Amino acid sequence: MAIKTSTFSGWRLSGKDADAFLEQVNNAKPNPLAQASLDRGRKLMAEYDQKGYVTLRPRKNANENMKSK
39 MAIKTSTFSG WRLSGKDADA FLEQVNNAKP NPLAQASLDR GRKLMAEYDQ
89 KGYVTLRPRK NANENMKSK
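Numbering-wise, the working numbering puts 42 at position 4 of the sequence shown, and it's gapless, one number per residue.
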């Protein structure tokens, strides 16, 4: 494994890390929690566009995020 950086350029991966990075970029699977967060954000954005404000409702439990699906 080698990661090389410098002040004026990006980074370079080699070996197994480079292979793993390319696999992740080419065959990425969406994170279900990130997808749920994106869906909730889009609903809030639509509400804001429609009404000009957003009403937030706090939840007691973070697991409720996944129950709505």
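C-beta: ideal position from N, C-alpha, C; glycine also.
Keep in mind that this is a model prediction, so the values were computed, not measured.
Out of D87, M83, R78, A72, point me to the one whose CA is closest to P96's CA. The residue given as residue 96 occupies position 58 in the sequence shown. Nearest C-alpha to P96 among D87, M83, R78, A72: R78.
Is the distance from the Cβ of L76 to the Cβ of V92 below 8 Å? Counting from one through the sequence shown, the residue named residue 76 turns up at place 38. Counting from one through the sequence shown, the residue named residue 92 turns up at place 54. Going by C-beta atoms, L76 is not nearer than 8 Å to V92.
Can you tell me whether DSSP reads G90 as helix, strand or coil? As a first step, residue 90 is located in the sequence shown; it is residue number 52 there, counting from the start. G90 carries a coil assignment under DSSP once its states are collapsed to helix, strand and coil.
Excluding the 5 residues preceding and the 5 following F59 in the sequence, name in chain order all residues of the same chain whose CB lies nearer than 7 Å to its CB. Mapped onto the sequence shown, residue 59 falls at position 21. L51.
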